[in-house]
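Read the structure below first, then the notes.
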Amino acid sequence: MVTSLVVSRLSPGRVGAVINRNVGALRSGPSYWIVLLSGFFEPLLYLLSIGVGVGALIGELTVDGRTMSYASFVAPAMLAVSAMSGALAETTFNFFFKMKYMKTFEAVLATPVRPVEVAVGELVWAIVRGSVYTAIFLVVMVTMGLTEAGWAVAAFPATVLVGLAFGGLGMAVSTLMRGWQDFDLMNTGQFALFLFSGTFSPVRDYPVGVEVLIQVTPLYHAVELVRGLCMGAPGWGTLGHALYLTVLAVAGVWFASRRLERALCA
Numbered sequence: 001m002v003t004s005l006v007v008s009r010l011s012p013g014r015v016g017a018v019i020n021r022n023v024g025a026l027r028s029g030p031s032y033w034i035v036l037l038s039g040f041f042e043p044l045l046y047l048l049s050i051g052v053g054v055g056a057l058i059g060e061l062t063v064d065g066r067t068m069s070y071a072s073f074v075a076p077a078m079l080a081v082s083a084m085s086g087a088l089a090e091t092t093f094n095f096f097f098k099m100k101y102m103k104t105f106e107a108v109l110a111t112p113v114r115p116v117e118v119a120v121g122e123l124v125w126a127i128v129r130g131s132v133y134t135a136i137f138l139v140v141m142v143t144m145g146l147t148e149a150g151w152a153v154a155a156f157p158a159t160v161l162v163g164l165a166f167g168g169l170g171m172a173v174s175t176l177m178r179g180w181q182d183f184d185l186m187n188t189g190q191f192a193l194f195l196f197s198g199t200f201s202p203v204r205d206y207p208v209g210v211e212v213l214i215q216v217t218p219l220y221h222a223v224e225l226v227r228g229l230c231m232g233a234p235g236w237g238t239l240g241h242a243l244y245l246t247v248l249a250v251a252g253v254w255f256a257s258r259r260l261e262r263a264l265c266a
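The sequence shown begins at 1 in full-length UniProt numbering and counts up by one.
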């Protein structure tokens, strides 16, 4: 019901206008390119330092009956984190700045563009940023022998879905922010997800209560979805992870558009 409501209210032309505004801002100077490229290196450094460096001490892991190197276990998680980070960077700090300080969305909504189209346009732009990160990261993984080229191609759409989910979530959270100080709480939550979503150790190694808590968080589903594809071992659980992320993306866009409508069109 929510999905049909969102889709029925969209105009591709107006969504494209929102995206085109972001493209114009990208061309305005080199600083945005520096920020864009810098976001790729954090998960790559974690992969090299922990996946490869610490992995040399750990050796091999057995996960779901499959034996693999520790780097092969960590790499798909860093790929999911890369997609998450790219999407959140656009839909949290940048989105909040345009909404609260630049008043960009007030100007946009003075045109025929509607709040839901602003939300979708911003989300698509965030996916473009996240997809740049993940495409390069997948090339690195194939080069390092951490996945096969065919499964890397299969994993790429999954990273796009991860970006959609976290982009929608990021916009929804941003509409609730009162000021920059609130982002400290968001950063703490994001870092906690990064550490405890099966990124560096199998979730089954945690106590049962903690394991159940982790399994309801979005990054866990993102990591499991991407890891299953990169390992060449998709299953029925893969569909469950994909469904979770799809619902999160749609709910996030719907909530953000409603909040924008109340805040800017009142």
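Positions of the beta carbon are idealized from the N, C-alpha and C atoms, including for glycine.
For residue i, three-class secondary structure by DSSP
i: Glu60; result: strand
i: Ala165; result: helix
i: Phe105; result: helix
i: Val113; result: coil
i: Gly121; result: helix
i: Tyr133; result: helix
i: Arg178; result: coil
i: Gln215; result: coil
i: Ser11; result: coil
Contact set for residue i: own chain, Cβ-Cβ below 7 Å, skip 5 residues either direction
i: Lys98; result: Thr104 and Phe105
i: Val247; result: none
i: Phe255; result: Ala172
i: His241; result: His221, Glu224 and Leu225
Local Cβ density within 10 Å of residue i, reported as buried at 16 or more and exposed below that
i: Leu239; result: exposed
i: Glu122; result: buried
i: Met231; result: buried
i: Ser228; result: For the sequence presented, residue 228 should be read as Gly rather than Ser. With 16 or more Cβ atoms within 10 Å of its Cβ, Gly228 is classed as buried.
i: Gly179; result: exposed
i: Phe95; result: buried
i: Asn187; result: exposed
i: Thr199; result: buried
i: Leu193; result: buried
i: Ala56; result: exposed
i: Val54; result: exposed
Residue i - partner residues in DSSP beta bridges
i: Met68; result: Leu61
Integer-rounded CB distance, given that residue j should sit under 8 Å from residue i
i: Arg14; j: Val113; result: 5 Å
i: Gly118; j: Leu260; result: For clarity, residue 118 is Val in the given sequence; the question names Gly instead. About 6 Å; that satisfies the 8 Å criterion.
i: Thr159; j: Ala251; result: Not confirmed; about 20 Å, so no contact.
i: Thr92; j: Val18; result: Actually they are not in contact, since the Cβ atoms of Thr92 and Val18 sit about 17 Å apart, beyond 8 Å.
i: Gly130; j: Gly170; result: Wrong, their Cβ atoms sit about 11 Å apart, outside the cutoff.
i: Gly167; j: Ala126; result: 4 Å
Own chain partners of residue i with C-beta closer than 6 Å, once the 5 adjacent residues on each side are dropped
i: Phe73; result: Leu61
i: Val139; result: none
i: Met141; result: Ala75 and Thr147
Neighbourhood of residue i by C-beta, 8 Å cutoff - its chain only, sequence neighbours within 5 removed
i: residue 286; result: The chain is shown from 1 up to 266; residue 286 falls before or after that span and cannot be answered.
i: Leu185; result: none
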